Every structure is written in C-alpha cells, then in structure tokens.
Amino acid sequence: MVCLSRYIPITDAAELNPLELVLLEQKNLRRFVLAGICVLSRVPNFETVRRRLRQLHADATADPDSTYATSTQWRPTLAQLSALTAESSVVTELSTHTLFTCLSPKHVLQVLAAVLCERKVLLISSHVSVLTTVGETLRLLLRPLQWPHVFAPVLPACLVDCLHCPTPFVFGVHRTLASTALNVVQDSDSTVVVVDLDADSIECHVKPPPRRRSHAKDPRRYPDTHPDNCRHPDDSPDVLPQAVELDAALRVLVRPEVECSDDVSWTAAPAAFPDADILALFHQTWERMLDSMEEFSFVLADDGDSMVVFDSIGFLQQHRQGDGATLAFYQAFLKTQLFSHYIATHGLLGGLGERYR
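Following the working numbering, the numbering of the sequence shown begins with 207 at its first residue and continues without gaps.
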C-alpha cells in the first residue's frame, strides 16, 4: 500500500460546528481535514506507485478547474486512474533502505530472529507506506526461507482483534491504533514482539506465568528463586547465530561514513544504497546456517516415496557447549513450520535427496 495524503480546508458552513464557524468568520481560522489516495498492489512496486502519485498530485494541482486542493469529494478522472493503475514492467522495486532508516542493524537482526523463530511480530508506524515497505522487506531478507503464517503489514481498525490470533503473525498498525493494539497485546497468552518503527525500539510483551505461593523459602535468603526476581525466559529478544559479526558487517554497509571514518583508505560513500550487498549478506548467512545442518539430515525412501528427517537432538547436542543464546535460537527455530517447510521442499540442500537414493 502506498498513500498520497493532503490536508483540505473546510469552508462549507454545513460541515462546521458553531465554534469553528465563528473562528472562520471572525479570525479567518480554517479547519483542515486529512484526505488521501491509497493504492494497493499485489507486487511491491512502491517506487513506481509513488512516482505515479507524485505525477497525479502535480497534474491535479496545476489544473485550474480541479477541486483537488479544496474538496474532500475530489476523485481522479478515468484517464488519471488509468495512468495510476497501468501495468508495470518491473517485477519488484523493493529496497532495504527504509528498514535500515527506521531500525538500527542490531534491531533489524532481532526482528529477523523473532520472525525466524515464528514469534508474533507487531509493527507500529505513523506511515502506512513504511509499514508496507518494512513488512515486505523482512520477507525479502528471509529468502530462500519463506514466512508461512499470517502476514498483514497494514491492519485496519476493524481487524485489530486479529491480534488475538493463536498462530504466529506479522502485523502492522498505524500509530493511531497503537494504544488499542497494545491493550490487546497485553492480554495475549504468548510472546508478542512489538517493533516501533518511529522510535527504533523493540519490546517483548510476555504474559507472566501464574505465581505460586511458597511458604518454605524466605525471599531475603533465597533471592534467586523468589517469583519477584525470576525472569521469564521469553522476556529477552531472540538472537541470531553470529549476531555480533552480522551487526558489524551491516554497520559498515549502511553507515560507512561512521564505521570507516578512521580508515585512511575509505572514500566517500556511494550515492546508491547497498541493497545488493545487504541481500547477499543475509543470503550467505542463511546458507551457512542451513549448511551446518546437512550432516543431521537423512532421507527415508520407500516404494518411490521419500521424506527428509532431521536429527534435532544430535544437532542441538553439538551446540550445547557453545553460546546459550545460539542454542536457544536453534531450539526455537527447529520447531518452526518455516524450517519444516524448507526441509520438505528443498531437502536443506539441492542434492541431498540424490546422495541418499
């Protein structure tokens, strides 16, 4: 979804309350209302749609007979609609720039980790175009993995109750619905990762487990076991394997003028945002992660039918001596439908089935 918004002055007395009418007549203070056009598309051709909306705005503003700037009842002509909705020859124009403008590399990695672990993710922004772009970018960065659950980057007010959905989701809501959405999230029985794209912040909303009364232990003598001091395990964000290295690499790509400022060989940053490099970095990361699982994958075949079986116990045992955050990530990731679907359709690697036939 891409929107063109504008403010229209209301001068019709029938649409003004008594106070607004007095302010208009005596002080020439006008009431403005927000109006706009939203364009929906099955493919994320955001730049093409924005360019067409800008052209529509310029043409309508320049037309002396148009009521575009003065009436909320204005509608585009058939010719303008035809130009706005004409088929585009470009398959996709999605850029990662908006995502990294809204969120720091560290927070981008945390959101991707939450998506890979199939958490419930709620995006909040004051701009519906940002919600759409960021949501689609998250799906793009997952490739070749695919998000298999509910995905609605712009959730309308009438569907806010969908936040009660028991399955994983990626939803986005406009800032005006944030308080309502957060009230729903607070009542959720599972972890909801709330991402504020305007403030570059991430919070994990967790419903705490019920407390049990204990008469045997004094909290002053046993502080680590007292319910008030016990932290729920889902209260911290998921962490990707090699997150520190990924964060450093992303910082160099998206903020070279800061990260490379002390390097004498560094030159001015290129004008174009490094989308290709960022996509390649994540693609290589997922490939390495999946490659490490190859030896724990087996193909069972019988009368022409075959299926891939993954030894999750053996794989997790290999990581028990390492970083606890990495182990926790894999424990969640291996249980996801996203991972199961990839195994079923790709066999982890393209030649896995061939080697075991």
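For glycine and all other residues, C-beta sits at the position ideal for the given N, C-alpha and C.
Predicted model only: the values in this text are computed from it and were never measured.
Among the residues of its own chain, which have a CB less than 6 Å from the CB of C244, if the five just before and after it don't count? Only M207 and C209 meet the Cβ criterion.
Three or more beta-carbon pairs under 8 Å between the region 246-266 and the region 218-229, yes or no? The region 246-266, when compared against the region 218-229, does not touch it at the 8 Å Cβ threshold.
Since R381 and D404 are thought to touch, with beta carbons under 8 Å apart, how far apart are those beta carbons, to the nearest angstrom? Here R381 really is in contact with D404; their C-beta atoms are around 7 Å apart, less than 8 Å.
Cut-off 8 Å between Cβ atoms - residues of its own chain near V336, not counting five sequence neighbours on either side: These residues qualify, in order along the chain: T304, C308 and L403.
Do the region 272-291 and the region 308-328 meet, that is, are 3 or more Cβ pairs less than 8 Å apart? No, the region 272-291 does not touch the region 308-328.
Below-8 Å beta-carbon distance, C308 vs any chain B residue: In the structure shown, chain B cannot be found, because there is only a single protein chain.
Assess contact between the region 449-459 and the region 474-494, defined as three or more Cβ pairs (one per stretch) separated by less than 8 Å. Is contact present? Result yes; three or more Cβ-Cβ pairs closer than 8 Å.
Would the beta-carbon of P215 fall within 8 Å of that of E342? For P215 and E342, no; Cβs fall outside 8 Å.
Beta-carbon within less than 7 Å of V356's beta-carbon, same chain only, minus the 5 sequence neighbours each way: which residues are those? C371, T373 and F375.
V245 (DSSP reduced to helix, strand or coil): In the displayed model, V245 falls within a strand according to three-state DSSP.
Would you report the Cα separation of E221 and G242, rounded to the nearest angstrom? Straight-line Cα distance between these residues: approximately 19 Å.
D271 (DSSP reduced to helix, strand or coil): In the structure shown, D271 sits in coil (DSSP, three-state: anything other than H, G, I, E or B).
Along the alpha helix (DSSP H) that carries C206, what are the first and last residues, could you check? Past the boundaries of the shown model lies residue 206; the chain is included only from 207 to 563, so the question cannot be answered.
Relative to the C-alpha of V239, which residue among Q232, Q279 and D271 is closest? Among Q232, Q279 and D271, the Cα nearest to that of V239 is on Q279.
With DSSP as the reference, label D511 as helix, strand or coil. DSSP places D511 within a strand segment (E or B) once states are collapsed to three.
Assuming the contact rule is C-beta atoms closer than 8 Å, L328 and V445 should be a hit. Round their C-beta distance to whole Å, please. The C-beta separation of L328 from V445 comes to about 20 Å, leaving the pair out of contact by the 8 Å criterion.
Can you pull the DSSP bridge partners for V399? According to DSSP, which records beta bridges pairwise, V399 is partnered with V327 and C410.
In whole angstroms, give me the CA-to-CA distance for D369 and F535. Strictly speaking, residue 369 in this sequence is Leu, with Asp absent from that position. L369 and F535: Cα-Cα distance of roughly 24 Å.
What do you reckon, are the CB atoms on V360 and T338 nearer than 8 Å? Yes, the pair counts as a contact, with Cβ atoms nearer than the cut-off.
If you follow the beta strand (DSSP E) that G528 is part of, which residue opens it and which one closes it? Element bounds for G528: n/a, residue is neither H nor E.
How should R504 be labelled, buried or exposed, when 16 other C-beta atoms within 10 angstroms of its C-beta is the threshold for buried? It should be pointed out that residue 504 corresponds to Phe in this sequence rather than to Arg. Exposed: under 16 other Cβ atoms inside 10 Å.
Could you check where the beta strand (DSSP E) with P215 kicks off and where it finishes? First-last of the beta strand (DSSP E) with P215: V208 to I216.
Does DSSP put L235 in a helix, a strand or coil? In the structure shown, L235 adopts coil according to DSSP, grouped into three states.
Determine the contact status of L544 and W353, defining contact as a CB-CB distance below 8 Å. Cβ distance < 8 Å, so L544 and W353 count as in contact.
Going by DSSP, name the residue or residues bridged to H380. Paired residues: S331.
Buried or exposed by the 16-neighbour rule on C-beta atoms within 10 Å, applied to Y274: Y274 comes out buried.
Measuring straight from C-alpha to C-alpha, what distance separates V387 and V398? Inspection of the sequence shows that residue 387 is occupied by Ala rather than by Val. The alpha-carbon atoms of A387 and V398 are separated by roughly 11 Å.
So T532 and P443 are supposed to be a Cβ contact under 8 Å. How far apart are they, rounded? That pair is no contact at about 14 Å.
Quick check: what's the CA-CA separation for S294 versus F502? One C-alpha to the other measures close to 44 Å.
Hey, V314 and F306 are a contact pair by Cβ (cut 8 Å); roughly how many whole angstroms apart? Indeed, because the Cβ distance is near 7 Å, the residues count as touching under 8 Å.
Would you kindly check if the distance between the Cβ of F516 and the Cβ of S549 is under 8 Å? According to the sequence shown, residue 549 is Ile rather than Ser. Taking 8 Å as the Cβ cut-off, I549 and F516 qualify as a contacting pair.
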